[in-house]
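Asker: Have a look at the structure that comes next, please.
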Amino acid sequence: MITAANLFGLCAAALIGLGLFGLITNPHPLRKILAFNIIGSGVFLLFGVIAYRGAGAGMAADPVPQALLITGIVVAFSATALAVALLLRLHDETGSASLSAEATDTESRAEQDTPSS
Amino acid sequence: MMDWLNLGLAALILGLGIWVVLAREAFSAVVGFISYGLLLTLVWVQLSGVDVALTEAAIGGGLTGALLIGAASRLKRTENAVSAEQPGTALKWLAAGLSAAVTVVLAVCVLALPEPAPTRAAEVAANIDSTGVGNPITAVLLAFRAMDTLLEAVVLVFALIGVWSLTPDRFWAGRPGNRQTADPNGILAYIASTLPPIGIVVGLYIFWIGADYPGGKFQGATILAAMWLLVIMAGLVDTPTISRVPLRMALVLGPLVFIGIGFLGVVSAGAFLAYPIDYAKPLILTIEFALMPTLTLILGLLLLGAPQRAVES
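Protein sequences appear in the order of chains A and B. Throughout the first sequence, residue numbering follows the numbering used here, covering 1 to 117 in sequence. Throughout the second sequence, residue numbering follows the numbering used here, covering 1 to 313 in sequence.
Right, dumping it as structure tokens:
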């Protein structure tokens, strides 16, 4: 039967593709952040598979990639927090969460119109 | 038996991944993402990465999930308008083709990984005694690759500075989040006053045990941060004003001690972040103790976000 390393390696490859698809096609920035996290976890999983394959010297897995993974997960959280903060500020400023240039234009025009009318 | 467990895990993870990407509402997508993070924790256990599993459960699933749930509920009103901006069918097919191509290339790479796999496990095993710690991951994090951990601590401080700099001018130096009020006789206030003592002990235990067994400062700090957030959510304490000097000192204390010990290494052991052989373990513990409050505060404050209230006059 297929080994655990291959199984989760292929699973990681599928997750990266899936996340990439969501990142491109989903128009909502929060969903893009989620999709980006799926890509990230796929990359981490692939790296974890490489650590698992590096078992040896009495260790169940290679500790060097695993330690880097812990660093990676924490950094991914801080990047997500920054992305969410940017998104919430965009929302507070424009009242919308759209990334499209047209939508922002229409809204800023609407804001300029309001005082004069 | 093990194979079926792995197959089931892989299928569930892929299914939840598809749910996160395709779900109609952002809120249900976030809930899917949290379950996804928890299942991923089991995968880490299957891949012999208990330390990684703890980090994933605490930070990947827990903190990120809480952060995204908060954002999803604040952005709920915008969802319909933005969802109307769906890309055209052609672009969707193009994206699907590109994603499939990336997956196929990666899959081919996975199946073509070299045999036997390259590994550093033997070198870690040969040198771990010189560090005085028993957990190889802690040895890598704080001795062999201490530079990564130092940069990571600095990245966390920078991320918090980034989040804080998104504060609107009128709220600058104010407090993040709304003032929470909960029924003082309610269940939330009850939990918030009984759980933290237990949570603090568990968090410190996980931190302390990390020197020799799975655990460590990130996992422990996340539990401490969670206890802090629980007390804030129950309205028992307010969020801190970000201009307080003691708070800011605590935020940079960990990285500064780390850098200081790094430079000490230049003098005493001949290289930046090198430890004199007899003092390796005390120095590693000093760094961990200094990083612990910094990490707890930064993880909690990143979750709370930019200030939304001015300082009360």
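For glycine and all other residues, C-beta sits at the position ideal for the given N, C-alpha and C.
Under 7 Å between beta-carbons, which chain B residues line up against Phe21(A)? List them in chain order, please.
Answerer: For the purposes of this step, residue 21(A) is identified with residue 21 of the first sequence, where counting begins at 1. Val21, Ala95, Ala96, Ser99, listed in chain order.
Asker: Pull the bridge partners of Pro307(B) from the DSSP assignment, please.
Answerer: By 1-based counting over the second sequence, the position of residue 307(B) is 307. BP columns for Pro307(B) point to Pro176(B).
Asker: From the DSSP output, in three-state form, read off Gly95(A) for me.
Answerer: Indexing the first sequence from 1 puts residue 95(A) at position 95. In this structure, Gly95(A) counts as coil in the three-state DSSP scheme.
Asker: Just the Cα atoms here: how many angstroms apart are Leu7(A) and Gly56(A)?
Answerer: For the purposes of this step, residue 7(A) is identified with residue 7 of the first sequence, where counting begins at 1. For the purposes of this step, residue 56(A) is identified with residue 56 of the first sequence, where counting begins at 1. In a straight line, the C-alpha of Leu7(A) is about 20 Å away from that of Gly56(A).
Asker: Can you name, in chain order, every residue of its own chain whose Cβ lies under 6 Å from the Cβ of Leu247(B), other than the five neighbours on each side?
Answerer: Along the second sequence, read from residue 1 onward, the residue named residue 247(B) stands at position 247. Answer for Leu247(B): Pro240, listed in chain order.
Asker: Taking the C-alpha atoms as reference points, what is the distance between Trp44(B) and Pro63(A)?
Answerer: Here residue 44(B) refers to the residue found at position 44 of the second sequence. Here residue 63(A) refers to the residue found at position 63 of the first sequence. Rounded to the nearest angstrom, the two C-alpha atoms are 13 Å apart.
Asker: Looking at C-beta atoms only, is the number of pairs between the stretch 65-73 of chain B and the stretch 32-43 of chain B that lie closer than 8 Å three or more?
Answerer: Yes, since at least three Cβ pairs between the stretch 65-73 of chain B and the stretch 32-43 of chain B fall closer than 8 Å, the two stretches touch.
Asker: What residues of chain A sit near Trp44(B), judged by a beta carbon separation below 7 Å?
Answerer: Position 44 of the second sequence, counting from 1, holds the residue named residue 44(B). Ordered by position in chain A, the residues that pass the 7 Å Cβ test against Trp44(B) are Gly48.
Asker: Below 8 Å, can you find three or more Cβ-Cβ pairs linking the stretch 165-178 of chain B to the stretch 289-296 of chain B?
Answerer: Counting Cβ pairs under 8 Å, fewer than three are found: no touch.
Asker: Whose C-alpha, out of Gly17(A), Leu86(A), Met59(A), is nearest the C-alpha of Gly40(A)?
Answerer: As a working mapping, residue 40(A) is identified with position 40 in the first sequence. Checking every option, the nearest Cα to that of Gly40(A) belongs to Gly17(A).
Asker: Helix or strand or just coil, what does DSSP make of Gly32(B)?
Answerer: By 1-based counting over the second sequence, the position of residue 32(B) is 32. DSSP places Gly32(B) in helix when its eight states are reduced to three.
Asker: Measuring alpha carbon to alpha carbon, tell me which residue in Gly48(A), Gly58(A), Leu20(A), Phe21(A) is nearest Ile128(B).
Answerer: In the second sequence, the residue the question calls residue 128(B) occupies position 128. Minimum Cα distance to Ile128(B) is reached at Gly58(A).
Asker: Is any heavy atom in the ligand SAH found nearer than 7 Å to the beta carbon of Ala211(B)?
Answerer: Although the ligand SAH was asked about, the structure shown includes no ligands whatsoever.
Asker: Given Thr80(A), which residues of its chain have a CB within under 7 Å of its CB, disregarding the five upstream and five downstream residues?
Answerer: To locate residue 80(A), count along the first sequence from 1; it is residue 80. These residues qualify, in order along the chain: Ile33, Asn37.
Asker: Determine the closest residue to Leu40(B) out of Ala23(B), Glu25(B), Ala58(B), Arg24(B), with distance taken between C-alpha atoms.
Answerer: Within the second sequence, numbered from 1, the residue matching residue 40(B) stands at position 40. Residue Ala58(B) is the option with its Cα nearest to Leu40(B).
Asker: Express the C-alpha separation of Val49(A) and Gly9(A) in angstroms, rounding to a whole number.
Answerer: Counting from 1 along the first sequence, the entry for residue 9(A) is found at position 9. Counting from 1 along the first sequence, the entry for residue 49(A) is found at position 49. Gly9(A) and Val49(A): Cα-Cα distance of roughly 6 Å.
Asker: DSSP state of Gly215(B), grouped into three classes?
Answerer: The count along the second sequence starts at 1 and reaches residue 215(B) at position 215. Coil, per DSSP.
Asker: With distances taken Cα to Cα, identify the nearest neighbour of Arg179(B) among Val267(B), Val231(B), Ala53(B).
Answerer: Counting from 1 along the second sequence, the entry for residue 179(B) is found at position 179. Of the candidates Val267(B), Val231(B), Ala53(B), the one whose C-alpha sits nearest the C-alpha of Arg179(B) is Val231(B).
Asker: Would you say Phe36(A) reaches chain B, if we count a Cβ-Cβ gap shorter than 8 Å as a contact?
Answerer: For the purposes of this step, residue 36(A) is taken as the residue at position 36 of the first sequence. No - not a single Cβ of chain B is within 8 Å of the one on Phe36(A).
Asker: In three-state DSSP terms, what is Gly210(B)?
Answerer: The count along the second sequence starts at 1 and reaches residue 210(B) at position 210. Of the three classes helix, strand and coil, the one that applies to Gly210(B) here is coil, per DSSP.
Asker: Exposed or buried, what is Thr3(A) when buried is set at 16 or more other beta-carbons lying within 10 Å of its beta-carbon?
Answerer: Taking the first residue of the first sequence as position 1, residue 3(A) is located at position 3. Label assigned to Thr3(A): exposed.
Asker: Using a Cβ cut-off of 8 Å (strictly closer), state whether Ala310(B) contacts chain A.
Answerer: For the purposes of this step, residue 310(B) is taken as residue 310 along the second sequence, with counting starting at 1. Chain A contact via Cβ: absent.
Asker: So, helix, strand or coil for Gly220(B), using DSSP?
Answerer: The sequence position of residue 220(B) within the second sequence is 220, counting from 1. Note: Gly220(B) maps to helix in three-state DSSP.
Asker: Just confirm the distance between the C-beta atoms of Val133(B) and Asp212(B), as a whole number of angstroms; I'd bet it's less than 8 Å.
Answerer: Within the second sequence, the letter at position 133 stands for residue 133(B). Within the second sequence, the letter at position 212 stands for residue 212(B). Yes, they are in contact, since the Cβ atoms of Val133(B) and Asp212(B) sit about 7 Å apart, within 8 Å.
Asker: Thinking just about the alpha-carbon of each residue, which of Leu68(A), Leu46(A), Leu82(A), Arg89(A) is nearest to the one in Arg74(B)?
Answerer: As a first step, residue 74(B) must be located in the second sequence, where it is residue number 74. It is Arg89(A) whose Cα lies nearest to the Cα of Arg74(B).
Asker: Can you tell me the Cα-Cα spacing of Thr114(A) and Ser100(A), whole angstroms?
Answerer: As a first step, residue 114(A) is located in the first sequence; it is residue number 114 there, counting from the start. As a first step, residue 100(A) is located in the first sequence; it is residue number 100 there, counting from the start. With a pLDDT of 44 at Thr114(A), under the threshold of 50, the modelled position of that residue is not reliable, and the figure given next carries that caveat. The alpha-carbon atoms of Thr114(A) and Ser100(A) are separated by roughly 22 Å.
Asker: Mapping the DSSP letters down to three states, classify Gly56(A) as helix, strand or coil.
Answerer: On the first sequence, position 56 is the one that residue 56(A) refers to. Strand at Gly56(A).
Asker: Using a Cβ-Cβ distance under 8 Å, would Glu56(B) count as near chain A?
Answerer: The count along the second sequence starts at 1 and reaches residue 56(B) at position 56. Yes, contact with chain A.
Asker: Run down chain A in chain order and give the residues with a C-beta less than 8 Å from the C-beta of Ile13(B).
Answerer: The sequence position of residue 13(B) within the second sequence is 13, counting from 1. Cys11, Leu15, listed in chain order.
Asker: Just to make sure I have the definition right: I need the residues of chain A whose C-beta is within less than 8 Å of the C-beta of Asp6(B). Which are they?
Answerer: Counted from its first residue, the second sequence places residue 6(B) at position 6. Looking at the sequence provided, one finds Asn at residue 6(B) rather than Asp. Under the 8 Å cutoff, chain A gives Ala4, Leu7, Phe8.
Asker: Return helix, strand or coil for Ile242(B), following the three-state DSSP convention.
Answerer: Taking the second sequence and counting its residues from 1, one reaches residue 242(B) at position 242. Ile242(B): coil per DSSP, three-state reduction.
Asker: Would a check of beta-carbon distances place Glu152(B) closer than 8 Å to chain A?
Answerer: As a working mapping, residue 152(B) is identified with position 152 in the second sequence. Closer than 8 Å to some Cβ of chain A, the Cβ of Glu152(B) qualifies, so yes.
Asker: Using the rule of at least 16 other Cβ atoms within 10 Å of the residue's Cβ for burial, across every protein chain shown, is Ser78(A) buried or exposed?
Answerer: Residue 78(A) sits at position 78 when you count from the first residue of the first sequence. By the neighbour-count rule (16 or more Cβ atoms within 10 Å), Ser78(A) is buried.
Asker: Could you tell me which of Ala290(B), Val155(B), Ala225(B) sits nearest to Ala250(B), measuring between CA atoms?
Answerer: Taking the second sequence and counting its residues from 1, the one referred to as residue 250(B) is at position 250. Ranking Ala290(B), Val155(B), Ala225(B) by Cα distance to Ala250(B) puts Ala290(B) first.
Asker: Within 8 Å (strictly less), CB to CB, does Val124(B) reach chain A?
Answerer: The residue you call residue 124(B) lines up with position 124 of the second sequence. With 8 Å as the cut-off, Val124(B) counts as an interface residue toward chain A.
Asker: Taking Gly65(B) as the query, report the chain A residues whose CB atoms sit under 7 Å from its CB, ordered along the chain.
Answerer: In the second sequence, residue 65(B) corresponds to position 65, counting from 1. Chain A residues near Gly65(B): none, gap ~10 Å exceeds 7 Å.
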